[in-house]
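J.: Before we start, here is the structure in question, set down as structure tokens.
Protein chains: 2
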Amino acid sequence: MTADIDWPAFAASLGDIPTETDRALVRQKSRDFYWYSPVLKQQLRGVSGDIVVAPRDEADVVAVVRECFARRIPITPRGAGTGNYGQAMPLQGGVVLDLIGLNTLHPIVDGVLRVGAGAKLGEIEARCKPLGWELRMFPSTRRTATIGGFVAGGSGGIGSINFGQMRDPGTLLGARVVTMEAEPRVLHLRGAEVNRVHHAYGTNGIITEVEIAMAPAQPWLDYAVAFEDFAALATFSDVIARADGIAKRLCAAVDSGAAAYFKPLQEALTPGESVGLFLIAAQSRAPFEDALARAGGRVARFLTEADIEATGAVPAFEFTWNHTTLHALKVDKDITYLQSRFPGPDYLGAVAQVVADYGDEVPMHLEFIRVGGEVACAALPLVRYTSEARLRAIIADFESRGIAVFDPHTYVLEDGGMKQTDPEQLAFKRHADPLGLLNPGKMRGWDEQSSAA
Amino acid sequence: MTADIDWPAFAASLGDIPTETDRALVRQKSRDFYWYSPVLKQQLRGVSGDIVVAPRDEADVVAVVRECFARRIPITPRGAGTGNYGQAMPLQGGVVLDLIGLNTLHPIVDGVLRVGAGAKLGEIEARCKPLGWELRMFPSTRRTATIGGFVAGGSGGIGSINFGQMRDPGTLLGARVVTMEAEPRVLHLRGAEVNRVHHAYGTNGIITEVEIAMAPAQPWLDYAVAFEDFAALATFSDVIARADGIAKRLCAAVDSGAAAYFKPLQEALTPGESVGLFLIAAQSRAPFEDALARAGGRVARFLTEADIEATGAVPAFEFTWNHTTLHALKVDKDITYLQSRFPGPDYLGAVAQVVADYGDEVPMHLEFIRVGGEVACAALPLVRYTSEARLRAIIADFESRGIAVFDPHTYVLEDGGMKQTDPEQLAFKRHADPLGLLNPGKMRGWDEQSSAA
Numbered sequence: 000m001t002a003d004i005d006w007p008a009f010a011a012s013l014g015d016i017p018t019e020t021d022r023a024l025v026r027q028k029s030r031d032f033y034w035y036s037p038v039l040k041q042q043l044r045g046v047s048g049d050i051v052v053a054p055r056d057e058a059d060v061v062a063v064v065r066e067c068f069a070r071r072i073p074i075t076p077r078g079a080g081t082g083n084y085g086q087a088m089p090l091q092g093g094v095v096l097d098l099i100g101l102n103t104l105h106p107i108v109d110g111v112l113r114v115g116a117g118a119k120l121g122e123i124e125a126r127c128k129p130l131g132w133e134l135r136m137f138p139s140t141r142r143t144a145t146i147g148g149f150v151a152g153g154s155g156g157i158g159s160i161n162f163g164q165m166r167d168p169g170t171l172l173g174a175r176v177v178t179m180e181a182e183p184r185v186l187h188l189r190g191a192e193v194n195r196v197h198h199a200y201g202t203n204g205i206i207t208e209v210e211i212a213m214a215p216a217q218p219w220l221d222y223a224v225a226f227e228d229f230a231a232l233a234t235f236s237d238v239i240a241r242a243d244g245i246a247k248r249l250c251a252a253v254d255s256g257a258a259a260y261f262k263p264l265q266e267a268l269t270p271g272e273s274v275g276l277f278l279i280a281a282q283s284r285a286p287f288e289d290a291l292a293r294a295g296g297r298v299a300r301f302l303t304e305a306d307i308e309a310t311g312a313v314p315a316f317e318f319t320w321n322h323t324t325l326h327a328l329k330v331d332k333d334i335t336y337l338q339s340r341f342p343g344p345d346y347l348g349a350v351a352q353v354v355a356d357y358g359d360e361v362p363m364h365l366e367f368i369r370v371g372g373e374v375a376c377a378a379l380p381l382v383r384y385t386s387e388a389r390l391r392a393i394i395a396d397f398e399s400r401g402i403a404v405f406d407p408h409t410y411v412l413e414d415g416g417m418k419q420t421d422p423e424q425l426a427f428k429r430h431a432d433p434l435g436l437l438n439p440g441k442m443r444g445w446d447e448q449s450s451a452a
Numbered sequence: 000m001t002a003d004i005d006w007p008a009f010a011a012s013l014g015d016i017p018t019e020t021d022r023a024l025v026r027q028k029s030r031d032f033y034w035y036s037p038v039l040k041q042q043l044r045g046v047s048g049d050i051v052v053a054p055r056d057e058a059d060v061v062a063v064v065r066e067c068f069a070r071r072i073p074i075t076p077r078g079a080g081t082g083n084y085g086q087a088m089p090l091q092g093g094v095v096l097d098l099i100g101l102n103t104l105h106p107i108v109d110g111v112l113r114v115g116a117g118a119k120l121g122e123i124e125a126r127c128k129p130l131g132w133e134l135r136m137f138p139s140t141r142r143t144a145t146i147g148g149f150v151a152g153g154s155g156g157i158g159s160i161n162f163g164q165m166r167d168p169g170t171l172l173g174a175r176v177v178t179m180e181a182e183p184r185v186l187h188l189r190g191a192e193v194n195r196v197h198h199a200y201g202t203n204g205i206i207t208e209v210e211i212a213m214a215p216a217q218p219w220l221d222y223a224v225a226f227e228d229f230a231a232l233a234t235f236s237d238v239i240a241r242a243d244g245i246a247k248r249l250c251a252a253v254d255s256g257a258a259a260y261f262k263p264l265q266e267a268l269t270p271g272e273s274v275g276l277f278l279i280a281a282q283s284r285a286p287f288e289d290a291l292a293r294a295g296g297r298v299a300r301f302l303t304e305a306d307i308e309a310t311g312a313v314p315a316f317e318f319t320w321n322h323t324t325l326h327a328l329k330v331d332k333d334i335t336y337l338q339s340r341f342p343g344p345d346y347l348g349a350v351a352q353v354v355a356d357y358g359d360e361v362p363m364h365l366e367f368i369r370v371g372g373e374v375a376c377a378a379l380p381l382v383r384y385t386s387e388a389r390l391r392a393i394i395a396d397f398e399s400r401g402i403a404v405f406d407p408h409t410y411v412l413e414d415g416g417m418k419q420t421d422p423e424q425l426a427f428k429r430h431a432d433p434l435g436l437l438n439p440g441k442m443r444g445w446d447e448q449s450s451a452a
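Residue numbers (my numbering), protein chains in the order written: chain E, 0 to 452; chain A, 0 to 452.
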């Protein structure tokens, strides 16, 4: 598709907008954590863009889009590349649009932050805390991930135990989006409209700025707790998740087979222990520790925010969500994982059944979140990978038990999530990217429509 | 019981601790809002203490207790007297212990406030907000009620949609309690121990100070919304209650039969409209109003905190919880009410059935709260009172439908709540009030045990 492009001429057309054409560097900016999946690792290993372009502001984005549209060059927008499904990998080459330069934080008004898509989540948190506000939710990659990448490629994470998913009304309040047209438009999506581009992998518009609701800040305590028995830990985590009076931000349970990979925690653990990871408001320290003692657990590691700042210790949240898998992969290349949600509210029985049936082949990892006002049990269990056929069989078995699986072993938008094209996202793509030049190959609904036409 | 007490000698024994013996003033300090209930109105109209004693600090409380114990004088502790069940009414006369002088606020540490029992909730809120903290929960009587009275006589209220009930671990963290003995002790209850005195009406110890977890403060918007149809309002309220991304503090729905009594809102309403009362975080304004428009409702009255401060308007929360009934009683003396909880989570059908079956005899009033991590539907419907027999029949019918009724037409601790004596509260009374001199006649379990002995 891009074989006949004159790249030096293209780069020149962008004036002083920074570009990068070094093959190794372009390749590096063309990847994410797709290698979490042995399936994607095979499929995507050869993927690379032709050039990285790094706009400094929205006007630069518009200029890049104009030049690309004129030359029919595909654009794959990208933040820090911390996704796990090849979301930001340019399947058809072309421009990798590195948006980390768009990192302006505007003043917070009534708890609403307007911020450039490229701002790092860690920096947003650090800069807003002294002003009395903090992120409502963030992925385990908070240190490096950008807000735009989280909006375009993520769905929830730490904080979802309070605020549910990003798609729920109220957290993602607005987005500025540049369209891929001869004369690019800057659209301002508000309210439910934002879900046209949220979790669309940048396939139907380039998000340059978002408005997000923040949470009022408070001091958090960082806990790793240990239990001899995973079932006791799961029950305890469920109790904390449902305890309306215990303020928390993270509630995760990892069984001993997965916790054994947590190198930075090994000193604090006895082999065979399962580990709970919690962020608990300082005011809830006593009731949390009382409940822990009653449940038969112990505090394995306790850190204040100041402790983490001073020592550089790995925070509890960097053992949760997709970081659980990362710790395992650092030790064992044959590990992969699933993303799923147990049917609730009586999910603990189903969890116990999976643990009993799969044992060490599927080390369990639970994340408690809120869905529609109720506590729900997400699971990102590790899988000791043997073959794609076996992986698919496990997924099929999970689904037969009523466990919803959000397949992380596909780069296709629909196949990872809802299994069907979001009609609003598809309609928006027709409107905002009529030639299908944005992150091509990721939205199956578009490709099917195009090949049918 | 107190007929042979030499009151002037008793008052003299207290030294400079303020006392009041004027009959009218003592009578005034011997009542609460018991007259909400036509049943209690009959039963309690003659109740009065013999003397009001107003300690200035805990040492004064100890001194009063010592003198009372020596003379076998009953003590009924009291805050602002905003209860509805005669909680603080001295059935056997004696000392009314007015605790509003114990109103010290200590510095907030990590979101935990230590505060004298007599501090007014409105003052706590006003003084903590500039420090970045606010009350987690409060009753509709926030303006005048004390924290000690709320702890001893209440259970939840505004804020319970986030933090559940006060009995849940994490909100009420500690209490100092003076025992009723020859040599009074000051006990420091912590953790689950606090439920020994929480919602015990002061029958088993005198609460002098509490420790409560606060919420990080944020600006709130005050909404009265109007719907032509109560079912649509109930559905909308349920949607908001379950919307994890819409930050709120109050979520109440009142049908037109009850809303017609809201004098201060009549200008904003069309006759026949049902009214929803909401406190919504400023950051959630847009998603809340979007959802309202989709549900077919309209904003009848909108106020910021600054508007309320400037105009003295009646805030939304003063139309909710027991204030709903108060507005009705101001207009119609034959109104009373019920306290109940619909079985959930599919409570809206049961609500609709009650509305259909009772019509205007039981104007509906819903309060959405959180119970055990899930949204639940409490109801304090008005009842057009005809006779106690009819009232009891309605209660029995509610119970036959699986609706839990917390009878507000009794001053007996057990009969209003769990229908059985809390064994921990009873055990604590044996320990802390061996002669049964604290607020006598309110704990049935104690009286039964005493008459059996």
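Quick reminder that beta carbons are idealized off the backbone N, C-alpha and C, glycines included.
1) So, Asp109/A versus Gln282/E, is the Cβ gap smaller than 9 Å?
2) I need the straight-line Cα distance from Ala377/A to Ala79/E, nearest angstrom please.
3) Using the three-state DSSP reduction, which class does Trp219/E fall into: helix, strand or coil?
4) Along the chain, where does the beta strand (DSSP E) that runs through Ala299/A open and close?
5) Does the beta carbon of Gln282/E come closer than 9 Å to any beta carbon on chain A?
6) Should Pro295/E be labelled buried (16 or more other beta-carbon atoms within 10 Å of its own) or exposed?
7) When burial is assigned at 16 or more other CB atoms within 10 Å of the CB, is Asp356/A buried or exposed?
8) Does the separation of the CB atoms of His364/A and Ala252/A fall below 9 Å?
9) Among the candidates Pro263/E, Trp6/E, Ala305/E, whose CA atom is the shortest distance from the CA of Ile72/E?
10) Using a threshold of 9 Å, state whether the C-beta atoms of Gly507/A and Phe162/A are closer than that.
11) Report the neighbours of Val374/A on chain E: residues whose CB is nearer than 7 Å to its CB, in chain order.
12) Excluding the 5 residues preceding and the 5 following Val313/A in the sequence, name in chain order all residues of the same chain whose CB lies nearer than 6 Å to its CB.
13) Can you say whether Asp221/A is buried or exposed, counting buried as having 16 or more other CB atoms within 10 angstroms of its CB?
14) Once DSSP output is grouped into helix, strand and coil, what is the label at Gly82/A?
15) Quick check on Leu172/A - is its C-beta less than 9 Å from some C-beta in chain E?
16) Which two residues bound the contiguous beta strand (DSSP E) that contains Thr319/A?
17) So that I know if they touch, is there some Cβ in chain E lying closer than 9 Å to that of Gln42/A?
18) Start and end of the alpha helix (DSSP H) containing Trp34/E?
19) Tell whether a beta-carbon distance below 9 Å holds between Leu39/A and Thr202/A.
20) Excluding sequence positions up to five away, which residues of its chain have a Cβ less than 8 Å from the Cβ of Ala351/E?
21) Excluding five sequence neighbours on each side, which residues of the same chain lie with their C-beta closer than 6 Å to the C-beta of Gly444/A?
22) Taking only the alpha-carbon atoms, compute the straight-line gap between Gln217/A and Met165/A and give it to the nearest angstrom.
23) Can you give me the start and stop residues for the alpha helix (DSSP H) that Thr234/E sits inside?
24) Would you kindly check if the distance between the Cβ of Arg141/E and the Cβ of Leu101/E is under 9 Å?
25) The region 218-247 of chain A: which residues have C-beta closer than 8 Å to a C-beta of chain E, in chain order?
26) Tell me, which residues are paired with Ile50/A by DSSP?
27) Using C-beta distances below 8 Å, list every residue in its chain close to Val196/E, excluding the 5 sequence neighbours before and after it, in chain order.
28) Starting from Val111/A, find everything on chain E with Cβ-Cβ shorter than 7 Å and list it in chain order.
29) Using beta carbons (cut-off 9 Å, strictly below), is Asn161/E in contact with chain A?
30) DSSP beta-bridge partners for Ile211/A?
31) Are any of the Cβ atoms in chain E nearer than 9 Å to that of Met213/A?
32) Could you give the distance in angstroms between the alpha-carbon of Ile394/A and the alpha-carbon of Phe226/A?
33) In whole angstroms, what is the alpha-carbon distance linking Ser449/E and Pro422/E?
34) Using a Cβ-Cβ cut-off of less than 8 Å, list which residues of the region 178-198 of chain A approach chain E; keep chain order.
35) Assuming Val238/E contacts Ala290/E under a Cβ cut-off of 8 Å, what Cβ separation, rounded to an integer in Å, is found between them?
36) For Gln164/E and chain A, any beta-carbon pair shorter than 9 Å?
T.: With the given structure in hand:
1) yes
2) 47 Å
3) strand
4) 297-303
5) yes
6) First, the residue type needs correcting, since residue 295/E is Gly and not Pro in the sequence shown. Classification for Gly295/E: exposed.
7) Asp356/A is exposed by the Cβ-count criterion.
8) With respect to the 9 Å criterion, His364/A and Ala252/A are classified as neighbours on the basis of their beta carbons.
9) Trp6/E
10) Nothing can be reported for residue 507/A: it is not among the residues displayed for chain A, which extend from 0 to 452.
11) Chain E residues near Val374/A: Gly372.
12) Pro263
13) Asp221/A is buried by the Cβ-count criterion.
14) coil
15) Answer yes: the Cβ-Cβ gap between Leu172/A and chain E drops below 9 Å somewhere.
16) Segment: none, Thr319/A is in no beta strand (DSSP E) and carries neither H nor E.
17) Not flagged as an interface residue toward chain E: Gln42/A, since no C-beta distance is shorter than 9 Å.
18) Counted as a single uninterrupted DSSP element, the stretch harbouring Trp34/E is not any alpha helix (DSSP H), since DSSP gives it neither H nor E.
19) Taking 9 Å as the cut-off, the Cβ atoms of Leu39/A and Thr202/A do not count as close.
20) Answer for Ala351/E: Ala230, Ala233, listed in chain order.
21) Thr420, Leu425
22) 21 Å
23) In this chain, the alpha helix (DSSP H) harbouring Thr234/E covers 229-241.
24) no
25) Pro218, Ala240, Arg241, Ala242, Asp243, Gly244, Ile245, Ala246
26) Val94/A
27) Val150, Ala151, Ala174, Val176, Leu188, Asn203, Gly204, Ile206, Gln424, Phe427
28) What Val111/A touches in chain E: Gln282.
29) yes
30) DSSP output for Ile211/A lists Leu112/A, Leu171/A as bridge partner(s).
31) yes
32) Rounded to whole angstroms, Ile394/A and Phe226/A show a C-alpha spacing of 28 Å.
33) 15 Å
34) Those would be Arg189, Gly190, Ala191, in chain order.
35) 6 Å
36) By the rule that beta-carbons nearer than 9 Å mark a contact, Gln164/E touches chain A.
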